[in-house]
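Presented below is the structure to which this report refers.
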Amino acid sequence: KLIIQAGGEVSAGTLAYSEGNGGNLTINASDSVAVSGESVDGEVNSRLTTRTEGGGDAGNLIITTGKLIIQAGGEVSAGTLAYSEGNGGNLTINASDSVEVSGKSVNGGANSRLTVRTGNSKNAGGMTINTGKLIIQAGGEVSAGTRGGSEGSGGSLIVNASNSVDVNGLSADSQNSSRLTTRTEGGGNAGALTINTKKLIIQAGGQVSASTMFGSTGAAGSLTVNASDSVEVMGFTAKPEDTILSRLTTRTEGGGNADNLTINTKKLIIRDGGQVSAGTVLNSTGNGGNLTVNASESVEVSKEVVGIPGGSVKSRLTNRTENNRTTGNLRITTGKLIVQDQAEVGVNSNLGFGKPGNLEVVARSILLDNQATLNARAASVDGGNIILQVQDILLLRRNSNISATAGIAGAGGNGGNITINIHNGFIVAVPNENSDITANAYTGSGGRVDIQAFGIYGIQPRPNQTSLSDITASSEFGVNGTVELNTPDIDPNSGLVNLSTIPVDTQVAQTCQADGNLAKISFTITGRGGLPPNPSEALNADAVQVDLVTLNPSNDRRDRTFVPSKITTTTPEPIIEATGLALNEKGQVVLTANLPTTTPHSPWLKPASCKAIPNS
Numbered sequence: 013k014l015i016i017q018a019g020g021e022v023s024a025g026t027l028a029y030s031e032g033n034g035g036n037l038t039i040n041a042s043d044s045v046a047v048s049g050e051s052v053d054g055e056v057n058s059r060l061t062t063r064t065e066g067g068g069d070a071g072n073l074i075i076t077t078g079k080l081i082i083q084a085g086g087e088v089s090a091g092t093l094a095y096s097e098g099n100g101g102n103l104t105i106n107a108s109d110s111v112e113v114s115g116k117s118v119n120g121g122a123n124s125r126l127t128v129r130t131g132n133s134k135n136a137g138g139m140t141i142n143t144g145k146l147i148i149q150a151g152g153e154v155s156a157g158t159r160g161g162s163e164g165s166g167g168s169l170i171v172n173a174s175n176s177v178d179v180n181g182l183s184a185d186s187q188n189s190s191r192l193t194t195r196t197e198g199g200g201n202a203g204a205l206t207i208n209t210k211k212l213i214i215q216a217g218g219q220v221s222a223s224t225m226f227g228s229t230g231a232a233g234s235l236t237v238n239a240s241d242s243v244e245v246m247g248f249t250a251k252p253e254d255t256i257l258s259r260l261t262t263r264t265e266g267g268g269n270a271d272n273l274t275i276n277t278k279k280l281i282i283r284d285g286g287q288v289s290a291g292t293v294l295n296s297t298g299n300g301g302n303l304t305v306n307a308s309e310s311v312e313v314s315k316e317v318v319g320i321p322g323g324s325v326k327s328r329l330t331n332r333t334e335n336n337r338t339t340g341n342l343r344i345t346t347g348k349l350i351v352q353d354q355a356e357v358g359v360n361s362n363l364g365f366g367k368p369g370n371l372e373v374v375a376r377s378i379l380l381d382n383q384a385t386l387n388a389r390a391a392s393v394d395g396g397n398i399i400l401q402v403q404d405i406l407l408l409r410r411n412s413n414i415s416a417t418a419g420i421a422g423a424g425g426n427g428g429n430i431t432i433n434i435h436n437g438f439i440v441a442v443p444n445e446n447s448d449i450t451a452n453a454y455t456g457s458g459g460r461v462d463i464q465a466f467g468i469y470g471i472q473p474r475p476n477q478t479s480l481s482d483i484t485a486s487s488e489f490g491v492n493g494t495v496e497l498n499t500p501d502i503d504p505n506s507g508l509v510n511l512s513t514i515p516v517d518t519q520v521a522q523t524c525q526a527d528g529n530l531a532k533i534s535f536t537i538t539g540r541g542g543l544p545p546n547p548s549e550a551l552n553a554d555a556v557q558v559d560l561v562t563l564n565p566s567n568d569r570r571d572r573t574f575v576p577s578k579i580t581t582t583t584p585e586p587i588i589e590a591t592g593l594a595l596n597e598k599g600q601v602v603l604t605a606n607l608p609t610t611t612p613h614s615p616w617l618k619p620a621s622c623k624a625i626p627n628s
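Residues 13 to 628 (the working numbering) make up the sequence shown, in order.
Below you can see the structure in the form of structure tokens.
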């Protein structure tokens, strides 16, 4: 065990004004390494570190142990200070059981940290964590990035957790969220964040992000999550004056662009106010990144949060721009997409002249229920495009909608285009539940709605939105767009033939040669199922079954007057049995009633004799 506490420090580095490089620090502790607490006066936190304060580069820090525990303001780091001129070192952790970073110091207020950062014009090193479980809670922080005023680039952060990554909650004083992040606070770019695990859980206000901070000019890094089982982003922590939502995000708050967010998993679950997004925030000047979700089984976004500071918060899977720049695209590939209880999936522009990207969904089925939305809306510019590739069914229930509407702020912009392809499936809504598919505009032109489906039920095109379930591409003050529905030309009456009112003269094919001694042969039908193919064959299993008819015995005994029906029939052409075989001009074998001129072979089928058939 290695225990560092009460302001203790284990380090390898360089001091201020030095020109040399710092050394490497390697720790092998079979049981655990614990770094916790601060000095009595609160001036110094317990540290395990390699760093440079002078002109040289920092060394590398390698920790190999069973458990790494950082708590109560403890710090494990490799980096550079603001006045140093060297590059930061790399930090590698091999903890077979777990890594836990939690809490903050009591007096100094410092977060417990596991970090690689640069505070100068040079670059930070990278961090790699190999463990069973990574737990970040109660305001703990795991990060790679740049400090304010620095011009260097932040390093990459890679987490390999065979079991789980859990980012949970706020610090005890509710001032700091638990964080797993790469970010830039200066002019340099942030590094990439990659998480490889079985399960990623972000809850109670936890934050996983790759971002730029307010005032920075550098670009954010990319964020990639590979979770073989599931990704769950859920819940919030409510403070008296604010609500901290659980987030998985790439975004820009400064002048640089946000990068891409990619999620590869079996199930993605976002609920109770959870946010998964890539975009821009108010007052930033950068563009948003793309958001890609590959969830082999399902994506579920559900449950709005109400009764909190600020009123209410929707659960969201979105690319959003809140500035005048462009957000990226959102692409979802999954088995089932479920959006319900006022949750939102989309690409949209809420303020200013920011341009939303496109929303594309490839799924077996899509369910929108209870005011759920798929949208590509814009405040003052053209709406984005929505493309849905669905195998089985798109179901809209209880005031849910698909919208590429422009001018939601009462301004210009043309409606976006909506394309829905369900060649072998159905679009289903309830007429009086007011679920809509809209590509409307305010002063601009309406968009285009193009739907290909095997069947469309409960929703129909209308010139304008009504209280029913509608498909519209209208404009309040501009030119209406177009709605085109492509469904198979199915006539329910096709293939039906009007039956004749004239009784059919049933005839039995002549299949045997009778002689005069058997003149009283009769033909009797019993049971159910119609006629057999011919009198000598049994009824097959494919025959139509009908109910038996029970006659009224009393009525059956009464004398009845028989009135013969006058039925005009034509004499049928006699049926002649085949007596030989012949080859036609195509070389095909045919049956013939006329013997060929050549010497015939013995016939395969001889005429049947009725003498062997008993009366029935």
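Heads up, the beta-carbon is just placed ideally off N, CA and C, and yes, glycines get one too.
The stretch 226 to 238 in contact with the stretch 250 to 259 per 3-pair CB rule at 8 Å: No: the two stretches stay apart, fewer than three of their Cβ pairs being nearer than 8 Å.
Beta bridge counterpart(s) of residue 473 as assigned by DSSP: Residue 473 sits at position 461 when you count from the first residue of the sequence shown. Answer is 483.
Range of the contiguous beta strand (DSSP E) that encloses residue 21: Working through the sequence shown from its first residue, we reach residue 21 at position 9. Element bounds for residue 21: 21 to 26.
Neighbour-count burial assignment, residue 169, 16 or more Cβ in a 10 Å radius: Counted from its first residue, the sequence shown places residue 169 at position 157. When all chains shown are included, residue 169 counts as buried.
Residue 311 versus residue 106: straight-line alpha-carbon distance, rounded: Along the sequence shown, read from residue 1 onward, the residue named residue 311 stands at position 299. Along the sequence shown, read from residue 1 onward, the residue named residue 106 stands at position 94. Straight-line Cα distance between these residues: approximately 33 Å.
Exposure label - residue 38; buried when at least 16 CB within 10 Å: For the purposes of this step, residue 38 is identified with residue 26 of the sequence shown, where counting begins at 1. With fewer than 16 other Cβ atoms within 10 Å, it is exposed.
From 102, 113, 167, residue whose alpha carbon lies closest to that of residue 196: Position 184 of the sequence shown holds residue 196. The shortest C-alpha separation from residue 196 is found at 167.
CB contact below 9 Å: residue 383 versus chain C: Any reference to chain C falls outside this structure, which holds one protein chain only.
Ordered list of beta strand (DSSP E) runs contained in the stretch 189 to 241, each at least 3 residues: 191 to 196, 205 to 215, 219 to 224
Of the residues 482, 360, 430, the one placed nearest residue 408, counting alpha carbons only: Within the sequence shown, the letter at position 396 stands for residue 408. The candidate whose alpha carbon is nearest that of residue 408 is 482.
For residue 570, the three-state DSSP class (helix, strand or coil): Residue 570 sits at position 558 when you count from the first residue of the sequence shown. Because the pLDDT of residue 570 is 42, which lies under 50, any placement of that residue in the model is unreliable, and the number read from its coordinates should be weighed accordingly. The answer is coil: DSSP assigns residue 570 none of H, G, I, E or B.
Classification of residue 46 by the beta-carbon crowding that lies within 10 angstroms, buried from 16 upward: The residue given as residue 46 occupies position 34 in the sequence shown. The residue in question, residue 46, is buried, as its Cβ has 16 or more Cβ neighbours within 10 Å.
Among 116, 239, 20, the one whose alpha carbon lies nearest that of residue 308: Reading the sequence shown from its first residue, position 296 is the one you call residue 308. Measuring from the Cα of residue 308, the nearest candidate turns out to be 239.
First and last residue of the uninterrupted beta strand (DSSP E) at residue 492: As a first step, residue 492 is located in the sequence shown; it is residue number 480 there, counting from the start. It is not in any beta strand (DSSP E) - residue 492 carries neither H nor E in the DSSP assignment.
Inter-residue Cα distance where the pair is residue 64 and residue 273: For this step, residue 64 is matched to residue 52 along the sequence shown. For this step, residue 273 is matched to residue 261 along the sequence shown. Answer to the nearest angstrom: the Cα atoms are 33 Å apart.
Same chain, Cβ closer than 6 Å to residue 172, five either side skipped, listed in chain order: Along the sequence shown, one-based indexing puts residue 172 at 160. Hits under 6 Å: 142, 208.
DSSP three-state assignment for residue 445, whether helix, strand or coil: Within the sequence shown, residue 445 is the residue found at index 433, counting from 1. If DSSP states are grouped into helix, strand and coil, residue 445 belongs with the helices.
Integer-rounded CB distance, given that residue 296 should sit under 8 Å from residue 264: For this step, residue 264 is matched to residue 252 along the sequence shown. For this step, residue 296 is matched to residue 284 along the sequence shown. About 5 Å separates the two Cβ atoms, so the contact holds.
Where the beta strand (DSSP E) through residue 161 begins and ends: For the purposes of this step, residue 161 is identified with residue 149 of the sequence shown, where counting begins at 1. For residue 161, there is no enclosing beta strand (DSSP E), since its DSSP letter is neither H nor E.
Nonlocal neighbours in the same chain, by C-beta distance under 6 Å from residue 463, ignoring five residues either side: Position 451 of the sequence shown, counted from the start, is the residue given in the question as residue 463. Here the set comprises 432, 497.
DSSP three-state assignment for residue 457, whether helix, strand or coil: Against the sequence shown, residue 457 aligns to sequence position 445. DSSP places residue 457 in coil when its eight states are reduced to three.
Three-state secondary structure (DSSP) of residue 354: Within the sequence shown, the letter at position 342 stands for residue 354. Coil at residue 354, not helix or strand.
Minimum C-alpha distance to residue 126 - residue among 191, 165, 424, 241: To locate residue 126, count along the sequence shown from 1; it is residue 114. If we check each option's Cα against that of residue 126, 191 comes out closest.
Per-residue DSSP class, three states only, for residue 299: Residue numbering aside, residue 299 sits at position 287 when the sequence shown is read from its first letter. Residue 299 falls in the coil class under three-state DSSP.
Collapsed DSSP secondary structure at residue 116 in the structure displayed: Stepping through the sequence shown from its first residue, residue 116 is reached at position 104. Residue 116 falls in the strand class under three-state DSSP.
Contact set for residue 13: own chain, Cβ-Cβ below 8 Å, skip 5 residues either direction: Here residue 13 refers to the residue found at position 1 when the sequence shown is read from its first residue. 41, 43, 44, 45, 46, listed in sequence order.
CB contact flag (residue 396, residue 453, <9 Å): By one-based count along the sequence shown, residue 396 stands at place 384. By one-based count along the sequence shown, residue 453 stands at place 441. Cβ distance not < 9 Å, so residue 396 and residue 453 don't count as in contact.
Close-in-space but distant-in-sequence residues of the same chain around residue 577 (CB under 6 Å, 5 per side omitted): Looking up residue 577 in the sequence shown gives position 565. Residue confidence is low: residue 577 scores 33 on pLDDT, short of 50, so the model does not pin down where it sits. Its coordinate-derived value is still stated next. Nothing listed; no residue qualifies.
Status (buried if at least 16 other CB within 10 Å, exposed otherwise) for residue 248: The sequence position of residue 248 within the sequence shown is 236, counting from 1. Flag for residue 248 reads buried.
Through-space distance from residue 304 to residue 98, alpha-carbon basis: As a working note, residue 98 is residue 86 in the sequence shown. As a working note, residue 304 is residue 292 in the sequence shown. The alpha-carbon atoms of residue 98 and residue 304 are separated by roughly 37 Å.
Reduced DSSP secondary structure (H/G/I, E/B, other) of residue 334: By one-based count along the sequence shown, residue 334 stands at place 322. Three-state result, residue 334: coil.
Proximity to residue 159 [Cα-Cα], best of 488, 202, 179, 442: Position 147 of the sequence shown, counting from 1, holds the residue named residue 159. Per the Cα distances, 202.
Nearest-angstrom beta carbon gap, residue 117 and residue 84 [assumed within contact, 8 Å]: Taking the first residue of the sequence shown as position 1, residue 84 is located at position 72. Taking the first residue of the sequence shown as position 1, residue 117 is located at position 105. Right, the Cβ-Cβ distance comes to about 6 Å (below 8 Å), so this counts as a contact.
Per-residue DSSP class, three states only, for residue 187: In the sequence shown, the residue the question calls residue 187 occupies position 175. Coil.
Straight-line gap, residue 232 to residue 24 (C-alpha atoms, nearest Å): For the purposes of this step, residue 232 is taken as the residue at position 220 of the sequence shown. For the purposes of this step, residue 24 is taken as the residue at position 12 of the sequence shown. For residue 232 and residue 24, the distance between alpha carbons rounds to 30 Å.
Under 9 Å between C-beta atoms of residue 430 and residue 451: Sequence index remark: in the sequence shown, residue 430 carries index 418 (1-based). Sequence index remark: in the sequence shown, residue 451 carries index 439 (1-based). Their beta carbons are under 9 Å apart, which means residue 430 touches residue 451 by this criterion.
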